[in-house]
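One line per chain: the protein sequences are A and B, in this order. Taking the numbering used here as reference, the numbering of the first sequence is continuous, increasing by one, and the terminal residue is 1520. Taking the numbering used here as reference, the numbering of the second sequence is continuous, increasing by one, and the terminal residue is 639. Beta carbons: idealized from backbone N, C-alpha and C, even for Gly. Below is one structure, written out as structure tokens; the observations come after it.
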Amino acid sequence: MEKVFEAYKDKIPKSILEEVIEKTKGMNKSEIKKMLEKVREEYEKSLLDIGEAVGIVAAQSIGEPGTQMTMKTFHFAGVAELAVPQGLPRFIELVDVRRAPKMPMMWIYTKDPKDYEKTVEIAKKIEELEITKIAAIREDFIKKRIHVLVDMDKLKEEGLDFEEIKKRLEKAVRKKAKVEGENDIVFDLKVSTLKALRRYTNKLEEVRIKGVPNIKKAAVIKQDGEYVIQTEGTNLKGIMALSDKLIDKRRVRCNNVKEIEEVLGIEAARETLLREAKAVLDNQGLTVDVRHLMLLVDSMTASGVVRPVGRQGVSGMKSSVFARAAFEETVRHLLDAALRGEKDGLKGVTENIIVGQPIPIGTGTVGLIMKKK
Amino acid sequence: MLGTSVYLNGKLIGFHNNPKDLVQTIRDRRRNGKLPYEVTVAYYEDRNEVYINADEGRALRPLIIVEKGKPKLTKEHIKLLKEGKLSFDDLVKNGIIEYLDAEEEENAYIAITEDELTEEHTHLEIHPALILGVCSIISPYPEHNSAPRVPMTSAMIKQSLGLYALNYRLRTDTQSHIMYYPHVPIVKTKFHKIVGAEGKPAGQNFIVAIMPYRGYNINDAIVLNKASVERGLGRTVYFRTYETQERRYPGGQKDKFERPKPEISGYRGDEAYRFLDENGIIEPEFKVNGGDVVVGKTSPPRFLEEIGEFGGMIEEKRRENSLAIKQGESGYVDLVLITESESGNRLVKVRTRKEMVPEIGDKFAARHGQKGVVGLLVPQEDMPFSQSGIIPDMCMNPHAIPSRMTVGYLLEALGAKVGSLAGRHIDGTPFDNEKERDLREELKRYGFKPNGTEILYDGVTGERIKAEIYVGVIYYQKLKHLVSMKMHARARGPVQILTRQPTEGRAREGGLRFGEMERDCLIGHGTSMLLMERLLEESDKVTEMVCPRCGIIAINDQIRKKAYCPVCGSTEVYPIDMSYAFKLLLNELISMGILPKLNLTDKV
Ligand SMILES: [Zn+2]
């Protein structure tokens, strides 16, 4: 029995073969053989032919559901969650490869995702806290000093230590501070100008008490029976630098493609793009075959950097002068091409339509070669 | 603080310390007639601004002024109004009714009916339906329809064909339609008379059976009774006026109305001029078709001399410049008018008339946003009929009702059915109309089912239709989109001069555009050759001679039967197929200072 399937190992993809094995249980050998032959036939029929216009088909397959997307949601706000651009705005964001998405987010799993208490604790640790959130900074121009008035209630809420804050502040400006009254940290600065004083104020205002820079919010949500830290604001590098004991680095997710490209490289960026694009469509209840999305994502990342679709990206870098001129900025492309003495090999679709020759797709891929005598 | 900012017509004119007083004074003076009634004033407390408006372009709305919970309009006033001793203008002058614009409405608290008045109210609606515009107010039962249908109705009322003017026989509008037998709707509103829609109706009361008819009224199509149509249902006339004048040119030259002679340049052939009399003008009641000359006219030559066929200067002939019927139009000459234009030139206007009998494709609409296109004209004997022998004028598909929620349509049908039995008009005024319950009661008294349904028999088989069919009378309007004025197809035809691509539009006998998305489809199917046929072969294909050495399009000297390269002079040039648009692109590139060169290789 095994031998029958063995023969088809290289002829049918594994997943289909497994399905056949599963569904042919209880059949006799000749029946299975017939079945396998039929499956192979069907499989080969459904493979792409040479010259198939995959790009246009992908564009149409993504574009048509896209028209339905426009009419649906723009924003979607949950109770404990954050408002995230979804649907078409998010898809455009992905395709345009914005430096930062409207709502940059990360999803961080802890080592023990079932432990709620611990997850919350780590979330608090990650969340960025600036001094301005728990204290007011006042300048005293006459006495040339700066008061940092700490809100003791908030301090307690965040579970912070007063002395610890004082130390942090001292470190930031490299000056010793006095404590006046209950909550006033005073910096006596021997400066002569207002400008110098302001410089210290600015430095103090930037002091981060705790957390990872740029992680503006960290909420714990439940997803598939696990607790996940969902953050507003991203800092992949900062999160990856955290201890392995705290978080599961292999499961960290981020929706900022550009950042992933910088930190983890092009393959990770491609994967993220694909996952995010698919998530947008799934979310809208639209089914688009992944292969179409894969083609889109591949064409965006094939050059080794993530390039947007559009003038500065994929369309603007086509090799054909005519194709570029037909797309946008006609005159600029023509003049530049003339200056460089470019040659258009008429390899693409647009160029050939312009000059009036058969396009090299489908029936147009066939050519004739003269046989030498 | 400077006080409250005061704006007049949107411009800051000063500041005031007591805005409430200012606003009240202005209002009082307007009500006393010391200020024109169009002046409005609004006070925005939150922004501390007063807006006074006295400019044009604001829609104003009349309302009854209310003071201390009592409307200023009394029974006494109404009595005087009825006797004709008082006019509406008097009410405005005496501060009983005032006009508000959108801005002043923000300061007003308007009661819709008299019994909801409280101390706080400042105004009372004259009639609740007055929140609607001219078009919506003459549609019956609009408050029973879903909201988007109401403005749709208004949009369609504007397109309806009827009796738009009583002096239409004297008018020379470029295009106009008149309905043969327009009806006053059986279900009308109180405002039909006020708006003037009663004297100039645009539509007819159709007997409608809400039932499918053999698939010919799918997707909003309607099925009409052919016999009804032959009796004049939905019939209109189409008038079109052509005009031309004898213009004067500098240098004492003039156009001339005459029968153009064959030697004139641009002569259209004898047949085109066959209707013209000796003055070069057509007479009424001739049947004319597209291209027939209606007024023969010749113009003086553009240049006095020109180079003749065999060289040498000769005097140029007068130009043919006749007025002809537009391509694709036809009709009878209805009116020929000879007058003088403003500049004193002789002016001729010719009006043609054409009967437009409803045909498959003509558009009809009820007053509930229910529009449809004629799908079939059915002989009367094949239409369903009732026990009493009533045969509907129209079958409307029931699928048009539930998703659109036009309950008003059904109420109108019911109302008009009662109206036609009782011989009276039914009041369907918005928010203030005859109630469904009463209509049903009355219908019952006339021996019909109170729910409006009837038992019908299939006209083809004679069998009883199992379902009870809702039959009623609906006022249908014929809309100005008539197929005969839109239908268009082309196989071969004219091309544009610049690009040599087919022209666009019905008037120019144009092709149908094979656009970018259609192009994408052919690419997606990989049908390369079909795409080339659409975009090149059936469009602007040319064969140009190209010099293989310079890559430049060669000069093709037709007289000397020789093609040569304009750069190197070589006569070794090859024919290349390309689109004329591409040839044009090459020319334009050259004009930009870019020299594009074509690289020729053998196909095989
Ligand atoms: Zn040459």
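Query	Result
As an exercise, report each continuous alpha helix (DSSP H) stretch of at least 4 residues that is fully enclosed by the stretch 1458–1492 of chain A, in chain order.	1468–1474, 1477–1487
If we cut at 8 Å on Cβ distances, does L1481 of chain A have a partner in chain B?	yes
Within 10 Å of its beta-carbon, does H523 of chain B have 16 or more other beta-carbons around it, so buried, or fewer, so exposed?	exposed
By Cβ distance below 6 Å, which residues in the same chain neighbour G424 of chain B in space, the five residues on each side in sequence not counted?	none
Roughly how many angstroms lie between the CA atoms of V1452 of chain A and L1433 of chain A, to the nearest whole one?	29 Å
By the three-class DSSP mapping on this structure, what secondary structure does A1324 of chain A have?	coil
Pull up the DSSP beta-bridge partners for K291 of chain B, would you.	B:T333
According to DSSP, simplified to helix, strand and coil, what is P549 of chain B?	According to the sequence displayed, residue 549 of chain B carries Phe and not Pro. In this structure, F549 of chain B counts as coil in the three-state DSSP scheme.
Quick one: is T1510 of chain A near chain B, going by C-beta distance under 8 Å?	yes
Show which residues of chain A have a CB atom less than 9 Å away from the CB atom of D612 of chain B.	G1503, Q1504
Please work out which residues of its chain come closer than 7 Å, Cβ to Cβ, to G1225 of chain A, disregarding the five sequence neighbours upstream and downstream, and give them in chain order.	Since pLDDT at G1225 of chain A reaches only 44, below the 50 mark, its modelled position is unreliable, and the value read off the structure follows with that caveat. Correct list: empty, nothing qualifies.
So for A1343 of chain A, helix, strand or coil by DSSP?	helix
The beta strand (DSSP E) spanning V219 of chain B covers which residue range?	Here V219 of chain B belongs to no beta strand (DSSP E), and DSSP marks it neither H nor E.
Measure the alpha-carbon distance for C170 of chain B versus K193 of chain B and round it to whole angstroms.	8 Å
Give the secondary structure of S181 of chain B by DSSP, where H, G and I count as helix, E and B as strand, and everything else as coil.	coil
Beta-carbon within less than 8 Å of K289 of chain B's beta-carbon, same chain only, minus the 5 sequence neighbours each way: which residues are those?	E281, R282, R283, P335
So which residues of chain B does I1500 of chain A contact, with C-beta pairs closer than 8 Å?	R554, L566, L570
Does the beta carbon of V602 of chain B fall short of 7 Å from some heavy atom of ligand 1?	yes
Would you list the one or two residues that DSSP bridges to S40 of chain B?	B:F50, B:E84
Considering only residues of the same chain and omitting the five flanking positions on each side of L1462 of chain A, which have a CB-CB separation below 6 Å?	According to the sequence shown, residue 1462 of chain A is Ser rather than Leu. Same-chain partners within the cutoff: F1474.
Using only the alpha-carbon positions, how far apart do E364 of chain B and L620 of chain B sit?	38 Å
Is DSSP giving L1276 of chain A helix, strand or coil here?	strand
Can you pull the DSSP bridge partners for S365 of chain B?	B:N324
Whole angstroms is fine: what's the gap from A1206 of chain A's alpha carbon to S376 of chain B's?	60 Å
Would you mind giving the Cβ-Cβ distance between H156 of chain B and A146 of chain B, rounded to the nearest angstrom? I have them listed as a contact below 8 Å.	5 Å
Can you find a CB in chain A that lies within less than 8 Å of the CB of S563 of chain B?	yes
Could you name the residues that DSSP lists as bridge partners for H212 of chain B?	B:Y273
For the beta strand (DSSP E) that contains T578 of chain B, what are its first and last residues?	576–582
Determine the contact status of L37 of chain B and L98 of chain B, defining contact as a CB-CB distance below 8 Å.	no
To which residues of the same chain is R1285 of chain A closer than 6 Å at the C-beta, ignoring the five residues directly before and after it?	H1294
Determine whether the beta carbon atoms of E1305 of chain A and L1276 of chain A lie at a separation below 8 Å.	yes
Going by CA-CA distance only, name the one from B:L571, B:L121, B:G545, B:A542 that's closest to R554 of chain B.	B:L571
What first and last residue would you give for the beta strand (DSSP E) that runs through V1252 of chain A?	Checking the displayed sequence, the identity of residue 1252 of chain A turns out to be Met instead of Val. First-last of the beta strand (DSSP E) with M1252 of chain A: 1252–1256.
Taking Cβ-Cβ distances shorter than 8 Å, what residues in chain E pair up with I1203 of chain A?	As a matter of chain content, chain E is missing from the structure shown, whose protein chains are A and B.
Compute every distance between the C-beta of R584 of chain B and the non-hydrogen atoms of ligand 1, then say whether any falls below 7 Å.	yes
Taking a contact to mean a Cβ-Cβ separation below 8 Å, would you say L1481 of chain A touches A1470 of chain A in this structure?	no
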